[in-house]
Amino acid sequence: MKWTSRFLGASRLGLAFRYLLLAWIVPSKTTSFIQMPVGAYTKHDICFGKYFKAITTFGKLVLTSSFLLVYRTLDTSDGTMSVKDYCLQKLGWSNTKFRETFNTSERDILIKDPHANDFTCDISLAFKLITTILGNIIEPLKKDLRDLKNMRNRVCHEDVDMDETELKDRFSNLKVVCRNILEGVGTLAAEDTSTLVLDIEKGLQDLAEAKLDVLDVESYLHDVENFRKEKHSKMITEGRKELMDTYSKLKILNPCTWLSDNKFISFAVDKIFTEVKLMEGVRRVMMNDILNITSLKQRFIARLIIISGVMGAGKTSLHRYILDEWCKRSLTVIGLSAIDMVIAIEMKTVSSSSLVQFLREQLLCRTCRSFSENDIIPILQDMNILFAIDGMDEANSHGKALVREITHKFTNSHIIVTTRPEHSLELMQMAEDHIVLHIEGFDHESQIQFVEKVFASIYSQNTQGREAEKFLEYLSTTCKPLMSHFALPLTLALLLVLWFDDSTKMSSITTITRLHHKIIEMCQQKLVARLEAKGDGHAVSLTRKVRRWVLQLGKVAWNMMEEDLLYISEKHANELMDICEKEGLDAIQTMSAFLNCEINDTITGNRHHFSFHHTSAIEFLAAMYMADISASQGSLGTTFDEIDCTGYRDLLMYLAGLLKMNGTLNMKLASQLKYVFLYNMKVCPSDYTIWWNLLREGENDQSLCQMVGSIVNQADVLTVNSWDSQETTEAKMNILKQTGGAPAEVVINVHYKTAFNSCPELQNIVSLLAAAEKSKVKIYLENDFHATAETEVCDHYIVPLLKVNRLVELKGHIGRDFASNLVSAANVQSIFVRVSDIQALVKLGESMRKHRRWKVKFMPSRRWTLKYVEIFLDLKKDTEVSLIPDLKYHGTLVVKLSGISDASATWAGAVLKRLSNQYTSVILQACQITASGMEQLIGEIKGVKIKVFRVMSDYTISRDEVKHLAKKSNINIGWRA
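The numbering of the sequence shown is our numbering, which starts it at 18 and goes up by one.
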């Protein structure tokens, strides 16, 4: 085919293609249909062959023409410059980058004039040219381009049993995608592609209706077979089998991170996995939309999806759910079935620093034997790959290098990475086109679903409901103080494990430390029982021996944290076995009770490799060891002096809880913990969630309460917002309650869409502040101030603050009680109050007058502190004007009125004149007043000084009318319709 300049107009491209479509694709309609012999090709074969030919040939034409049309609009000498020259001269690439981007056969094509007859691209190369060379230019078309490539991949790599109905549907979808691409390209290249679109659609229609003989079918299916022998197809077909075999071993959602998976067969992902809560900012994202990126962000198609969440929030469970859904070729997760291969990487297992090494040695050992090292990356780059990476917070230097390589080389692939929040920034810096989804575990409904699924997997259909109800009753009563923790799937699953073991021993579980400790205790008891049954000793002596061994396991865990190891080295494993031998314990049984054990056959016999399933196991056992050392020494010593990372935060929480359980927590140890948190871990004094978790795990020990209270007292400002997470608000409330401490100033903000009476935690905080020693309080209840339909006042919670002189500023809806008690509030500086009761307004006027006279008479040296008053008069329009009090206030006074019309204009003017003889500002909002009505109002307020008068009315008046009103009243009037 000759791509000369005369063909680059869309209409002439269409003429060129017309011949090709008829000559290359569609058999002659005069060809008679030959009756196929029995045992030859079926109608399904014919349908499949037609669809294969349509995808591979039309897809190539659409992608190639799209590239050329846009390429000629660049600085490419009207499209005649070779792609290699364009990359080196115009894009500034090095020869090395060009070689890394394109393989040898591709480079041989790209040195040619794109108009040359031998410039031929398959779909993979055409797609790579579009995405790599054209880049962001084709961003609006990226989804349709990828859809076309995925159609090709699916038909080339899957065995599709296709009938005529499905063929028709697929041809229809193909037409839509081709039209979208060509029309979009026409817009980008300023070319009319309508004729080309029609030719493509006609060609597809002719192919769909064509009668085929045996030779046609044989030719089509021969093309399919040849393609499937190519490298890309081989990677997909063989790679999928190997990956699915590997992922089938990752179906168990093991809740007890130090026990092997075979103890939790019932916890299979397809049986118990329950939707977790994902948030993008303030918006919830449905879990099955995780790959539907265009619905999450409109600015760009994000390829890096960061799943950020605390330990136990469900990150690994979500990771394994995605693998299971892909293996089943499920349509539940939108877009997942179109993925050619999911490359799953669990960071804690990575020992390779390059992707090729990782695939050849760890994940795709069998498949990669069929490929040279240099081919693996280019082949994968041409495929629709999803990288599912779990546990970035557990990555060592090899793992981090591996992720950097993936983000750098696979710019057109989706990458999902799970991590703890403190490692999110590192990932965000690897790719600009990223999205951070915060995983928050279960909401209440999901908690119930999860429990019901677990019980259904263990009990019979007749008993599962009754048993689940018992557990849920226990959860909502005995465990109510820990309910926020059970939003974490791991914590809820651990509780279930203990329940199934012995539900009568659950009353002592009041903290997460006690929960983990109970699990360890259960494991020890079961191990002792097994060893005693074997005749290895008496239960009492065995218990002491196992206890000593567990502490040594904790020491190994501590050393692993210091050395940044995620696996038990041969040296550490030998140390643990030596201790077993010294104590007379069966080494393999003992270690397998707490660790994952893998057995490898070698020439010299079986070798056992031991590892922890999760960092939480390492952290808790290390905390057990450190608690034992700290208790014996009465001090943390210098153990934590070199710690400067957040990875020890959970360990310290467990440590505080274990010290409390042991009865050894005192003021000295509490002070040392404070130093480690503030100066080694760099925890911010205002991170109240961390301080509350520490108090809770330490069971509100008096020494910890004093320590945290001293931190709170040193803070300048504590801000509490109604839009904060419930966890954050509860943390602040509980710290104030348990420590009695409070910072110099507390600011409470309630969103304008949220009523104060719907915020019980904030109401409790206000009540607690009334008893605080020094805090000055500012409260802004936006909804209560603005919502004219609301009748409830805030007096019950605010008046106690007035009585103890803690209130500095208030915005809200007040009643008579507040208005009466304002007289004794010496520190109030500003109030923004809605008044809907005439008696409350009267009391407010009395308090302001009495307060002013009282201060002048008894404290002449002190100035009047109330410097700003804003009153929203939400009174009925038939209120007697004679009842309106004279405020006699000479500070900044702003008054708002709502719903004023011409009929009530005179009343409004009389009210304003009665209330005060001077205003900084008067505001009429949501009004239906005209210029005539405003003139009546102005007539009523003669002699009243008003600096600014703002009117927001449904009626528009002219500038001249506004000037007339301003001149007549000598007031600066602003009018907005």
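Each residue gets a CB set at the ideal place from its N, CA and C atoms; glycine is no exception. Treat the numbers as computed from the prediction; the structure is a model and nothing was measured.
Check: Nearest to Leu883 (by Cα), restricted to the options His907, Ser647, Ala948, Asp895; Outcome: His907
Check: Identity of the residues DSSP links to Phe427 by a beta bridge; Outcome: Note: Phe427 sits in no beta bridge, so no partner.
Check: Whole runs of the alpha helix (DSSP H) within the region 522 to 607, excluding any shorter than 4 residues; Outcome: 529 to 550, 556 to 579, 587 to 600
Check: Nearest-angstrom Cα separation, counted from Glu490 out to Leu900; Outcome: 57 Å
Check: Through-space distance from Ile728 to Phe694, alpha-carbon basis; Outcome: 11 Å
Check: Ile406 - containing alpha helix (DSSP H), residue span; Outcome: No alpha helix (DSSP H) contains Ile406, which is instead part of the beta strand (DSSP E) from 402 to 407.
Check: C-alpha distance - Ala448 paired with Thr148, whole-angstrom precision; Outcome: 16 Å
Check: N- and C-terminal bounds of the beta strand (DSSP E) containing Arg1022; Outcome: Residue 1022 lies beyond the range of the chain shown here (18 to 994); nothing can be said about it.
Check: Proximal residues to Ser22 (C-beta, below 7 Å), its chain only, five neighbours per side dropped; Outcome: Note that Ser22 has pLDDT 36, beneath the 50 cutoff, so the model's placement of it is unreliable and the number below is only indicative. Excluding residues within five positions, the ones whose Cβ falls inside 7 Å are Asp95.
Check: Closer than 9 Å to chain C by CB, Ala922; Outcome: Of the chains in the structure shown, none is chain C; there is only one protein chain.
Check: Endpoints, beta strand (DSSP E) assigned at Arg851; Outcome: 847 to 852
Check: Close-in-space but distant-in-sequence residues of the same chain around Arg993 (CB under 6 Å, 5 per side omitted); Outcome: Met969
Check: For Ile351 and Asp1005, the rounded distance between their alpha carbons; Outcome: Limits of the chain in this structure are 18 at one end and 994 at the other, which puts residue 1005 out of reach.
Check: Counted within 10 angstroms of its Cβ, other Cβ atoms place Lys985 as buried (16 or more) or exposed; Outcome: exposed
Check: Buried versus exposed call for Gly926 [16 or more other C-beta atoms within 10 Å across all chains shown]; Outcome: buried
Check: Cβ contact check for the region 562 to 569 and the region 532 to 552: 3 or more pairs under 8 Å; Outcome: yes
Check: Nearest neighbour of Pro438, chosen from Leu454, Leu507, Leu668, Lys426 [CA to CA]; Outcome: Leu454
Check: Residue burial classification, Asn751 (beta-carbon count within 10 angstroms, cutoff 16); Outcome: buried
Check: Helix, strand or coil at Tyr972 [DSSP, three-state]; Outcome: coil
Check: Contact check, Tyr797 vs Phe849, beta carbons under 9 Å; Outcome: yes
Check: DSSP three-state assignment for Ser493, whether helix, strand or coil; Outcome: helix
Check: Best match in Glu579, Thr560, Thr435, Phe627 for proximity to Ser586 [C-alpha to C-alpha]; Outcome: Phe627
Check: With 16 other Cβ atoms within 10 Å as the buried cut-off, status of Lys572; Outcome: buried
Check: Bridge partners - Thr947, DSSP secondary structure assignment; Outcome: Answer by DSSP bridge pairing: none, since Thr947 is not bridged.
Check: Continuous alpha helix (DSSP H) assignments of at least 4 residues falling wholly in the region 85 to 171; Outcome: 112 to 118, 121 to 127, 140 to 146
Check: CB-CB length for Gly329 against Leu505, believed under 8 Å; Outcome: 4 Å
Check: Whole-angstrom distance between Ser949 and Asp977, CA atom to CA atom; Outcome: 13 Å
Check: Among Leu348, Cys382, Thr349, the one whose alpha carbon lies nearest that of Ile360; Outcome: Cys382
Check: Cβ-based burial, Glu598 [other Cβ within 10 Å; buried from 16]; Outcome: exposed
Check: Minimum C-alpha distance to Leu91 - residue among Gly758, Leu127, Ile150; Outcome: Ile150
Check: Contacting residues, own chain, Cβ-Cβ under 7 Å from Leu127 (five flanking each side not counted); Outcome: Ser99, Val100, Lys101, Phe119
Check: Candidates Val764, Asn781, Gln743, Asn774, of which the one nearest Gln755 by Cα; Outcome: Asn781
Check: Nearest candidate by alpha-carbon position, reference Ala836, set Val859, Leu146, Tyr814; Outcome: Val859
Check: The alpha helix (DSSP H) enclosing Arg713, as first and last residue numbers; Outcome: 705 to 714
Check: When Ser369, Thr527, Lys248 are compared against Gln398, the one with the closest alpha-carbon; Outcome: Lys248
Check: Beta-carbon proximity list for Ile988, same chain, < 7 Å, skipping 5 on both sides; Outcome: Ile963, Phe966
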